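In my numbering, each number is its position in the sequence shown, counted from 1, plus 2.
Where is the CB? At the ideal position from N, CA and C, for every residue including glycine.
The structure displayed is predicted, hence computed values, not measured ones.
Below is one structure, written out as C-alpha coordinates; the observations come after it.
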Amino acid sequence: MKLPKNFDSALDWFTGAPLNITVVIILAITISRFGQRSITRLMNKVASADLIPGPKRSGVRQKERAKTTSTVLRSTLNGVIWLIAIFMILAEFGLNLGPLIASAGVIGVALGLGAQTLVRDILSGIFMLVEDQYGVGDKVDVLEIQGVVETVGLRITTVRDAKGTIWYLRNGEILKVGNKSQPKSKK
(Lines of atoms letter the chains of each structure in order from A and count residues from 1; the text may use other names and numbers.)
(Lines give C-alpha, C1' and ligand atoms only; values in the text may rest on other atoms or scores of the structure.)
Protein backbone atom coordinates (compact mmCIF):
# COMPACT_ATOMS: atom_id res chain seq x y z
CA MET A 1 0.00 0.00 0.00
CA LYS A 2 1.36 3.34 -1.01
CA LEU A 3 1.04 6.16 1.52
CA PRO A 4 0.49 9.76 0.43
CA LYS A 5 3.68 11.80 0.29
CA ASN A 6 2.55 14.26 3.03
CA PHE A 7 1.55 11.43 5.38
CA ASP A 8 4.84 9.62 4.74
CA SER A 9 6.90 12.73 5.58
CA ALA A 10 4.77 13.39 8.72
CA LEU A 11 5.30 9.79 9.85
CA ASP A 12 9.06 10.11 9.29
CA TRP A 13 9.09 13.33 11.33
CA PHE A 14 7.08 11.81 14.20
CA THR A 15 9.22 8.68 14.42
CA GLY A 16 12.28 10.91 14.76
CA ALA A 17 12.70 13.54 17.48
CA PRO A 18 9.15 13.62 18.95
CA LEU A 19 9.09 9.86 19.53
CA ASN A 20 12.60 9.89 21.00
CA ILE A 21 11.72 12.79 23.34
CA THR A 22 8.56 10.98 24.46
CA VAL A 23 10.56 7.81 25.16
CA VAL A 24 13.17 9.80 27.14
CA ILE A 25 10.46 11.44 29.27
CA ILE A 26 8.66 8.14 29.90
CA LEU A 27 11.95 6.45 30.85
CA ALA A 28 12.90 9.33 33.16
CA ILE A 29 9.53 9.14 34.93
CA THR A 30 9.73 5.35 35.23
CA ILE A 31 13.30 5.29 36.53
CA SER A 32 12.54 8.13 38.93
CA ARG A 33 9.49 6.41 40.42
CA PHE A 34 11.25 3.04 40.63
CA GLY A 35 14.31 4.63 42.25
CA GLN A 36 12.24 6.61 44.75
CA ARG A 37 10.25 3.52 45.69
CA SER A 38 13.47 1.52 46.14
CA ILE A 39 15.05 4.23 48.31
CA THR A 40 11.89 4.46 50.44
CA ARG A 41 11.82 0.67 50.97
CA LEU A 42 15.51 0.58 51.85
CA MET A 43 15.23 3.46 54.31
CA ASN A 44 12.13 1.90 55.92
CA LYS A 45 14.17 -1.25 56.51
CA VAL A 46 17.02 0.82 57.95
CA ALA A 47 14.58 2.73 60.18
CA SER A 48 13.16 -0.47 61.66
CA ALA A 49 16.44 -2.42 61.94
CA ASP A 50 18.38 -2.58 65.21
CA LEU A 51 21.65 -1.33 63.74
CA ILE A 52 23.27 -0.07 66.93
CA PRO A 53 21.93 -1.86 70.00
CA GLY A 54 21.88 -0.13 73.33
CA PRO A 55 19.87 2.32 75.39
CA LYS A 56 21.32 5.41 73.70
CA ARG A 57 19.76 4.60 70.34
CA SER A 58 16.02 5.02 70.21
CA GLY A 59 13.79 3.86 67.40
CA VAL A 60 12.27 7.31 66.94
CA ARG A 61 15.66 8.92 66.45
CA GLN A 62 16.72 6.23 63.97
CA LYS A 63 13.48 6.71 62.01
CA GLU A 64 14.06 10.47 61.82
CA ARG A 65 17.60 9.97 60.53
CA ALA A 66 16.39 7.44 57.96
CA LYS A 67 13.66 9.85 56.83
CA THR A 68 16.16 12.69 56.37
CA THR A 69 18.58 10.43 54.50
CA SER A 70 15.74 9.16 52.30
CA THR A 71 14.74 12.72 51.37
CA VAL A 72 18.31 13.61 50.43
CA LEU A 73 18.80 10.46 48.34
CA ARG A 74 15.50 10.87 46.50
CA SER A 75 16.24 14.52 45.69
CA THR A 76 19.70 13.65 44.42
CA LEU A 77 18.33 10.81 42.29
CA ASN A 78 15.65 13.06 40.78
CA GLY A 79 18.18 15.78 40.02
CA VAL A 80 20.55 13.41 38.24
CA ILE A 81 17.80 11.65 36.26
CA TRP A 82 16.16 14.86 35.04
CA LEU A 83 19.49 16.53 34.25
CA ILE A 84 20.41 13.59 32.01
CA ALA A 85 16.91 13.60 30.46
CA ILE A 86 17.12 17.33 29.69
CA PHE A 87 20.52 16.88 28.04
CA MET A 88 19.14 13.99 25.94
CA ILE A 89 16.13 16.08 24.89
CA LEU A 90 18.34 19.03 23.96
CA ALA A 91 20.48 16.67 21.87
CA GLU A 92 17.33 15.58 19.99
CA PHE A 93 16.77 19.22 19.00
CA GLY A 94 20.26 19.23 17.48
CA LEU A 95 21.88 21.34 20.16
CA ASN A 96 25.64 20.84 20.44
CA LEU A 97 26.10 19.79 24.07
CA GLY A 98 29.91 20.05 24.15
CA PRO A 99 30.08 23.80 24.86
CA LEU A 100 27.09 23.54 27.23
CA ILE A 101 28.77 20.82 29.30
CA ALA A 102 32.08 22.70 29.30
CA SER A 103 30.42 25.92 30.48
CA ALA A 104 28.49 23.93 33.12
CA GLY A 105 31.84 22.67 34.40
CA VAL A 106 33.22 26.20 34.67
CA ILE A 107 30.03 27.42 36.35
CA GLY A 108 30.20 24.41 38.70
CA VAL A 109 33.73 25.33 39.76
CA ALA A 110 32.71 28.96 40.33
CA LEU A 111 29.66 27.91 42.36
CA GLY A 112 31.78 25.41 44.28
CA LEU A 113 34.22 28.10 45.29
CA GLY A 114 31.42 30.51 46.16
CA ALA A 115 29.34 27.93 48.02
CA GLN A 116 32.03 26.53 50.29
CA THR A 117 30.07 27.36 53.42
CA LEU A 118 26.95 25.71 52.01
CA VAL A 119 28.91 22.53 51.25
CA ARG A 120 30.52 22.65 54.70
CA ASP A 121 27.09 23.03 56.34
CA ILE A 122 25.65 20.09 54.41
CA LEU A 123 28.63 17.82 55.06
CA SER A 124 28.53 18.71 58.75
CA GLY A 125 24.80 17.95 58.78
CA ILE A 126 25.38 14.55 57.19
CA PHE A 127 28.07 13.64 59.75
CA MET A 128 25.92 14.96 62.58
CA LEU A 129 23.04 12.71 61.49
CA VAL A 130 25.25 9.67 60.97
CA GLU A 131 26.96 10.12 64.35
CA ASP A 132 23.63 10.80 66.09
CA GLN A 133 25.01 13.78 68.01
CA TYR A 134 21.53 15.15 68.76
CA GLY A 135 17.97 14.85 67.53
CA VAL A 136 14.58 16.53 67.70
CA GLY A 137 13.53 17.05 71.31
CA ASP A 138 17.03 16.88 72.81
CA LYS A 139 18.14 19.51 75.33
CA VAL A 140 21.41 20.92 74.04
CA ASP A 141 24.06 23.57 74.62
CA VAL A 142 25.19 24.83 71.22
CA LEU A 143 27.47 27.83 70.82
CA GLU A 144 26.04 30.23 73.47
CA ILE A 145 22.51 28.84 73.17
CA GLN A 146 20.78 26.45 75.54
CA GLY A 147 17.47 24.99 74.45
CA VAL A 148 15.50 22.19 72.86
CA VAL A 149 16.17 21.03 69.29
CA GLU A 150 13.06 21.59 67.17
CA THR A 151 14.25 20.54 63.71
CA VAL A 152 17.35 18.90 62.35
CA GLY A 153 18.22 19.36 58.71
CA LEU A 154 21.26 18.80 56.56
CA ARG A 155 22.09 22.51 56.49
CA ILE A 156 20.38 24.07 59.50
CA THR A 157 19.40 23.00 63.00
CA THR A 158 16.76 24.99 64.88
CA VAL A 159 16.87 25.31 68.67
CA ARG A 160 14.29 27.03 70.89
CA ASP A 161 15.69 28.59 74.07
CA ALA A 162 13.95 28.98 77.44
CA LYS A 163 12.65 32.45 76.49
CA GLY A 164 10.89 31.04 73.42
CA THR A 165 13.32 32.44 70.86
CA ILE A 166 14.02 30.09 67.98
CA TRP A 167 17.63 29.98 66.79
CA TYR A 168 18.68 28.86 63.32
CA LEU A 169 22.16 27.35 63.53
CA ARG A 170 24.20 26.48 60.46
CA ASN A 171 25.58 22.97 60.95
CA GLY A 172 29.00 23.98 59.61
CA GLU A 173 29.45 26.51 62.42
CA ILE A 174 28.55 24.13 65.24
CA LEU A 175 31.95 23.12 66.58
CA LYS A 176 30.84 21.60 69.87
CA VAL A 177 27.52 20.44 71.25
CA GLY A 178 26.49 19.48 74.76
CA ASN A 179 23.56 17.05 74.71
CA LYS A 180 21.76 16.78 78.06
CA SER A 181 19.17 14.28 76.77
CA GLN A 182 21.34 11.30 75.89
CA PRO A 183 21.43 8.66 78.63
CA LYS A 184 24.54 8.16 80.72
CA SER A 185 26.67 5.13 79.98
CA LYS A 186 26.53 2.29 82.50
CA LYS A 187 30.20 1.74 83.28
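{"Check": "CB of VAL150 within 7 angstroms of CB of LYS141, strictly", "Outcome": "yes"}
{"Check": "C-beta contact flag for GLY174 and ASP123 at 7 angstroms", "Outcome": "yes"}
{"Check": "VAL138 beta carbon near the ligand NAD (any heavy atom closer than 6 angstroms)", "Outcome": "The ligand NAD is not part of the structure shown, which contains no ligands of any sort."}
{"Check": "Three CB pairs or more closer than 8 angstroms across the region 113-132 and the region 89-96", "Outcome": "no"}
{"Check": "Counted within 10 angstroms of its Cβ, other Cβ atoms place THR167 as buried (16 or more) or exposed", "Outcome": "exposed"}
{"Check": "Best match in GLY100, GLY127, VAL48 and PHE95 for proximity to LEU177 [C-alpha to C-alpha]", "Outcome": "GLY127"}
{"Check": "Local Cβ density within 10 Å of GLU152, reported as buried at 16 or more and exposed below that", "Outcome": "exposed"}
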